Amino acid sequence: MALGPRAHTAICMERKMRTLALAAVIVCVASAASAEWVSWRVVGGWEIETNGISCIAGAKYKNGSRLSFAIANNGGAAISFFRSEWKIPEGVYSVYLSMDGRNENNYEAKGVDNSVIISFRLNETFIEAFRNGNVLSARIGSAFYQYNLTNTKQMLPELIRCAANLGDVNRESNPFSGNSAPYVGDRVIRSPNPFQ
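Spelled out as structure tokens, the structure:
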């Protein structure tokens, strides 16, 4: 089935948003930029994807925007807001967030094209707030958005499981991590320690 030009543009913009969220979370190496996003799971309407370096869970909202949470293999995290109609000049902006109408806080966010991205270190306070919250309110520029956090209680543990598996992906691609003892049949050959 062929996609129309608008659908194709929307898909390309969402892929770009995921890449921007990843770039905001970690410093990318050349091979990471071309990493392909694959579906991990869909949990309660949240689509979780991974590229081996980070995991991102996103949901589309009736207001035309997409809210995403990303966790990278270095402990970095990000919240991103995407709306195809936005044309945001690249720069740093203030975004005000509150959970369930309490404690509005100002966050520094990076704006690029159709996305606003808040980067931070993942911590238990964030996890608990989003796991137990009902509505995330965001003042982005002159616009005010409210995001129902339905099923984040189920999504966040799965996103964290996805991120926990990122280490396994890295160990498989790094022959110097983990146990590096050479095996011959059932026995381990131990080489002398040159540092003693």
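No gaps in the numbering here: position 43 of the sequence shown is 297 in our numbering, and each next residue is one more.
Virtual Cβ for every residue (Gly too), placed ideally from N, Cα, C.
Please read all numbers here as calculations on a predicted model, not as lab measurements.
- Taking the CA atoms as reference points, I414 sits about 10 Å from I302.
- Nearest to N368 by alpha-carbon distance, out of Y347, R337, E412, N328, is R337.
- Scanning N377, T406, K364 for the CA closest to the CA of E344 turns up K364.
- Closest option to M353, judged by alpha-carbon separation, among N405, A332, Q400, C416: Q400.
- Beta-bridge partners assigned by DSSP to L403: none are found.
- Around the beta-carbon of A392, 16 or more other beta-carbon atoms lie within 10 Å, marking it buried.
- Residue pairing of M353 in beta bridges, as defined by DSSP: R356, L390.
- If you draw a straight line from the Cα of N305 to the Cα of N419, it is about 11 Å long.
- In this chain, the beta strand (DSSP E) harbouring S308 covers 308-314.
- For I307, the closest of G330, G318, S319, R320 by C-alpha to C-alpha distance is G330.
- Taking 8 Å as the cut-off, the Cβ atoms of F335 and S348 do not count as close.
- In the structure shown, the three-state DSSP call for L376 is coil.
- Nearest neighbour of N386 by Cα position, chosen from Q408, L321, A324, turns out to be Q408.
- Take the alpha-carbon of A383 and the one of V346: they are about 25 Å apart.
- Around the beta-carbon of N327, 16 or more other beta-carbon atoms lie within 10 Å, marking it buried.
- Judged by DSSP in its simplified three-state form, E290 adopts coil rather than helix or strand.
- Annotated as distal: I381 and V366, with beta-carbon spacing of 8 Å or more.
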